[in-house]
Amino acid sequence: MTQPNPLFSRRLALLGGAGLLAAPSLARAQAPAPGGTAAGGQVIDITRARTDPIPIALPDFAGSSPAAQQLGQNITRVIANNLRNSGLFRPVERAAYIQTADAAAAAPRFQDWRVIGAQALVTGRAEPQGDRARIEFRLWEVNSEQQLQGTAYTAAANNWRQIAHVISDVIYERMLGEKGYFDTRIVYIAESGPRDRRTRRLAIMDQDGENNRFLTDGTFQALTPRFHPNARQIAFMSYYNNQPRVYLFDLNSGRQEVLGNFQGMTLSPRFSPDGRSVVLSSARGGDANIYVVDLASRRERQLTSGGGLDVSPCYSPDGSQIVFNSDRGGDQQIYVMDANGGGARRISFGNGRYATPVWSPRGDLIAFTRMSGGRFAIGVMRPDGSGERILSEGWGMEGPTFAPNGRVLAFYRETPARDARGGGYSARLAMIDIAGFNERQILTPTDATDPNWSPLLSS
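All the letters of the sequence shown, read from the start, carry residue numbers -29 to -1, 1 to 430 under mature numbering (1 follows the signal peptide of the UniProt record, and there is no 0).
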């Protein structure tokens, strides 16, 4: 068959939308409170935290040697950056601290922390033990002088960043009453080269942009990567040997395999919530329809039929429904159908064309890309189409993906490159709260598109 043009296939994939990497294991133990008692503590309302971020003091974790002190400083810096970047916490300036880190780790003097305005205090100790490390931390409510959490972690010493992310998640949950999202990764497409000859590689990084790694070498184009629910496998579209197909990438072994030699071009894959199947689109003839492929048998089952392009399918968290976008009605809109393919109904009715829908892990929202009047926007709506809200607008932006707690969206934003010839552009990843505040850029070594957020790596 004649192979589709890669640029056309990329637009079809978005329908006009415009070593070992396994999670390290952590051993945990409750840390007894030094001179304090564990307590439930006061949960801060998220809405209040958006307008008045929680002031939190984060002295460096103490250590018995220079190496231990350096480890403690590194961990504390990551925790502080995570909490600050969420927009819901305000780390207190270190210059204001009265009590030393060592003294606070032994027994906090709460008056010293109240007077500088801290509402919460995090103390801890870090001790390397050969190629292992023991990290102990405590979260305190300053006004009540109560310990909210005390936990010790033992893990490989080179996994200290993950320990810092896990501690950040615990603080987030204890203070705000919902799961955090810091111990996660983002897979994306790393782009480089001229616009008409782009090299697109699979890449992966921690959610804060650190530990960036390229998973493929760019010999063959890659698009639309999506995590398995276990975070150890990725489905993506590749042009291996100029055959546009869906592939599976194993993060433990680095092995790639084609999902199946199905008729036509297969694209826009996404795993089912139970991880047993992949829903995707297949272009056959002049149409693209949605299929589900069982991973054990590799058998496919067609879910949609008829004229038009049905692409970008995504399951609801309970697996009972699928959202997708289609031009079956003559214009590009979002539809929801039952998981067996029945009962399709249109849910988008705003001005413009809609693409790249994705269901929130909470089940309460669907995020989307909207194109109208020559501008792009990232927005959310309820699963019945009501309550549509635009979170961010710009020259070019696409590909929303939810953090596992449903609180934050990542996407990519394109901007014209003034010094590039032939209409160049740059593409960068960004994050934004679902309330539409605290948008910020994530730094990557190259241009970056098509992000997908992993589940929590440890729980």
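For each residue, glycine too, the CB sits at the ideal point set by N, CA and C.
Distance from residue 202 to residue 428 at the Cβ level is roughly 6 Å; contact confirmed, criterion being Cβ atoms closer than 8 Å. When secondary structure is reduced to three states using DSSP, residue 274 falls in the coil class, being assigned neither helix nor strand. Fully enclosed beta strand (DSSP E) runs of no fewer than 3 residues occupy 60 to 62, 91 to 100 of the stretch 59 to 100, in order along the chain. In the structure shown, residue 28 falls within a strand segment according to DSSP collapsed to helix, strand and coil. When DSSP states are grouped into helix, strand and coil, residue 418 belongs to the strand group.
With respect to the 8 Å criterion, residue 425 and residue 377 are not classified as neighbours on the basis of their beta carbons. Contact check for residue 260 against residue 275 passes: the beta carbons are separated by less than 8 Å. For residue 19, the closest C-alpha among the options 370, 104, 148, 302 is that of 148. Under the Cβ criterion (8 Å, minimum of three pairs), the stretch 266 to 286 counts as touching the stretch 223 to 233.
Note that the C-beta distance between residue 362 and residue 383 is not below 8 Å. Nearest in C-alpha terms to residue 171, of all of 152, 153, 195, is 195. Per the C-alpha coordinates, the member of 290, 412, 395 positioned closest to residue 166 is 395. Within the stretch 123 to 190, the runs of beta strand (DSSP E) that reach at least 3 residues and sit entirely inside it are, in chain order, 156 to 163, 170 to 177.
Per DSSP, residue 200 lies in no beta strand (DSSP E) segment and is marked neither H nor E. According to the DSSP assignment, residue 350 belongs to the beta strand (DSSP E) that extends over 346 to 352.
Under a 10 Å Cβ-count criterion, residue 27 is classified as buried, with 16 or more other Cβ atoms of the shown protein chains found around its own Cβ. A straight-line Cα-Cα distance of about 23 Å links residue 420 and residue 223.
Here the alpha carbons of residue 306 and residue 334 stand approximately 16 Å from one another. Residue nearest to residue 121 within the set 112, 402, 240 is 112 (criterion: CA-CA distance). For the 8 Å CB-CB criterion, residue 243 and residue 286 form a contact.
Residue 323 is positioned such that its CB atom lies closer than 8 Å to that of residue 341. Residue 366 counts as exposed, since fewer than 16 other beta carbons sit within 10 angstroms of its beta carbon. Note: residue 261 is bridge-paired with 252 in the DSSP secondary-structure output. Looking only at 380, 78, 385, the smallest Cα-Cα distance to residue 407 is reached by 380. Out of 302, 398, 410, the CA that lies nearest to the CA of residue 161 is found in 398. Take the alpha-carbon of residue 273 and the one of residue 250: they are about 10 Å apart. Residue 206 is a Cβ neighbour of residue 241, given a cutoff of 8 Å. Within the same chain, 329, 331, 332, 338, 380, 424 come within 7 Å of residue 373 by CB-CB distance, once the 5 residues on both sides are set aside.
Shown here, residue 225 sits in coil according to DSSP, grouped into three states, outside any helix or strand. Beta bridge pairing from DSSP links residue 206 with 197, 219. The C-alpha of residue 40 is placed about 28 Å away from the C-alpha of residue 58. Between residue 131 and residue 42 the beta-carbon gap is near 6 Å, inside 8 Å, which marks them as a contact. The residue among 402, 30, 245 with its C-alpha nearest the C-alpha of residue 289 is 245. Here the alpha carbon of residue 114 sits roughly 24 Å from the alpha carbon of residue 52. When secondary structure is reduced to three states using DSSP, residue 329 falls in the strand class. In the DSSP annotation of this structure, the continuous segment of the beta strand (DSSP E) that includes residue 104 starts and ends at 103 to 112.
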